[in-house]
Structures are given as structure tokens and as C-alpha cells.
Amino acid sequence: MDSKKTMNSTENNQSSPTNTPASSMFYQLQIVLIVAFILATLFTAWTPASLLPGNLSERFAEVLAFQATETAAFPTPTARPRPLIGLVVGHWDDNTKDPGAVCTDGLTEIEVNQAIATQVKQILVDQGFDVDLLREFDPQLQGYQALALVSIHADSCDYINDEATGFKVAAALSNQYPERASRLTACIKDRYSKATGLPYHSSTVTNDMSSYHAFDEIDINTNAVIIEVGFLNLDRQILTKGQDRVADGISDGVLCYIRNEDITPTDQP
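Using our numbering, read the sequence shown as starting at 492 and increasing by one per residue.
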């Protein structure tokens, strides 16, 4: 019986590795390392930065600054400049006091030009463009740079004949980029005719239109045209009561040019 108890005791000791000296030492080493790690962490957190050795305080400050930056809100992006279009309001000038054509009942060309140009501006702004309303002899015209420039005018209040109805468009005779001038002219002719139903009055396009003063003032890269939107006599109804259609025709023509849209072939002036 004693020999069996001794054997069982020996087996139990051999099957329990935790009782070995090596295991006990390893366990104690783990405890020491864990305690050391905790103490080091507490020391770093509670020690003033000025007491940290070497440049450790600086590196610690950099880490805190980086974390603050990471949690900060993203900066608001800067809006990109919108493409620019210029609109000259014919005869709008405080110096010359020239109202343009004047009708017998007091209606003036400048009133019509301003009303139409204001509506064109709003349409183009809604389409994502910045638009300048410029005076007839605006100082900004010197070297003016834009995707396009349109000068808006209206024709005579006088009755000339039954043929004195319709609109006309002209670009500069001496244009640096004739193909661009031709396209802008064609776009406005096509879209304006479709929006208003007015005919193109090619026979009354004058040298004054082709030699319009602003053509020589603006930057050579700014494509420009002048439009006579209709006659204040026979076309008075649409120029005063249907200005939304007139404005649509001009803005559609400008957008046709800028967006390189298809156009119905039309005769050039």
C-alpha cells in the first residue's frame, strides 16, 4: 500500500507543470513586465512635458497636435470662379444721356434694352454663369475678357415701310477668329428666330454695327456681337409685352455658342 501511494504521488507531481521552478519564474517575469508597462504609462501621462528627457516632450506635443488636427472639421472648399459673359445695354450711359430711339408716346430704346438685358442676365446666371451688365461706354470694356459679349439694341420707332420688321446680328469685320464670330452670329440668329418668330432683316445690317466701338476695346480673345432685337414700331408688341421670348432667344443663342450645340444652317450676313 505505501509503495502505491508513493507512485501515485510521483505521477501527480509529474503531470502538474505549474509546480516546476521554470514555470514559476516565467509567471513572475510576466507579472514584472506588466507592472513595469503600467508604471511607464502612468509616468508618461502624469509627468510634465518639461521634465521629459531629450526631445521627447517635443515629440509628445507633436502627437497631441496631430490628433487635434485629425479630429478638426474639414476646411470649407473655395468655390471655383464661374465662366463670365458680358452684356452691353445699348445707350445706357450717364454721360451722353442718349436714350437711343424715342417713340412719340415716350417709350425709349434704353428702357427696352435694359429690361431685356436684365432678363438675359438672370437666365444665364441660373445656367451657372457670371454675367456683367455693362454700360454703352463702360470703362470695363477696355481689355474685357469673357466667353462672349453681346451688345443689345433696338431699332427705330419710326414707320419706314411694311418691311421694317425683324432683327439683325453682326460681328466685327476685322475679327481675329472669324470662325468663332461666325458661329456666335449663327447661333444667335437661329435661336432668336425660333424663340421670337421674327425674321432676320439682313438688308439693314449697317457698317455701324460691324464697326461697333466695343469690338475695338475688348480683348481679342473675347468673341462679341451686336444685336438689334427688332423695330420699336412694327415689332413693338413682342419687344414690350413678350420680352421673356426675346430674352430666351438671346440667352439660347449664347448657350448654343458656348456649348457648341447643333444649329440649323442659316445664311450669314
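Glycine included, each C-beta is placed from N, C-alpha and C at the ideal position.
- For residue 627, the CB contacts under 6 Å within the same chain, skipping 5 residues up- and downstream, are 582, 583 and 584 in chain order.
- Per DSSP, residue 743 is one residue of the alpha helix (DSSP H) stretching across 734-749.
- With contacts defined as CB atoms closer than 7 Å, residue 608 and residue 578 qualify as a contacting pair.
- Here residue 700 has 659, 661, 717 and 719 as same chain residues with Cβ atoms under 8 Å from its own Cβ, once five neighbours each way along the sequence are excluded.
- A direct Cα-Cα distance of roughly 11 Å separates residue 620 from residue 745.
- Under the DSSP definition of a beta bridge, residue 616 lacks any partner.
- In this structure residue 735 is in contact with residue 610, their Cβ atoms being roughly 6 Å apart against a cut-off of 8 Å.
- Sorting 575, 708 and 682 by C-alpha distance to the C-alpha of residue 630 places 708 at the top.
- Relative to the Cα of residue 599, the nearest Cα in the group 580, 680, 615 and 613 belongs to 580.
- Annotated as distal: residue 678 and residue 635, with beta-carbon spacing of 7 Å or more.
- If you draw a straight line from the Cα of residue 640 to the Cα of residue 713, it comes to about 7 Å.
- Between residue 754 and residue 653, the CB-CB gap reaches or exceeds 7 Å.
- One thing to note: residue 647 has its Cβ no nearer than 7 Å to the Cβ of residue 606.
- Here the alpha carbons of residue 602 and residue 588 stand approximately 13 Å from one another.
- By the C-beta density criterion, residue 704 is exposed, having fewer than 16 other C-beta atoms within 10 angstroms.
- Assigned with DSSP and collapsed to three states, residue 683 falls in helix.
- Along the length of the region 604-668, whole beta strand (DSSP E) runs at least 3 residues long occupy 621-625, 639-646 and 659-662, reported in chain order.
- The beta carbon of residue 664 sits closer than 6 Å to the beta carbons of 701 from its chain, once the five residues preceding and following it are set aside; these are given in chain order.
- Distance from the CA of residue 674 to the CA of residue 643, rounded to the nearest whole angstrom, comes to 18 Å.
- In this structure, DSSP gives residue 698 a helical state, which the three-state scheme calls helix.
- Residue burial is scored here from C-beta neighbours: residue 612 has at least 16 other C-beta atoms within 10 angstroms and is therefore classed as buried.
- In this structure, the alpha-carbon of residue 741 lies about 20 Å from that of residue 655.
- Annotation: residue 576 to residue 623 spans about 6 Å, alpha carbon to alpha carbon.
- Per DSSP, the continuous beta strand (DSSP E) segment holding residue 721 begins and ends at 714-722.
- Annotated as distal: residue 594 and residue 725, with beta-carbon spacing of 7 Å or more.
- With distances taken between CA atoms, residue 696 lies nearest to 721 out of 721, 685, 710 and 604.
- With a cutoff of 7 Å on beta-carbon distance, residue 692 and residue 733 are scored as not near each other.
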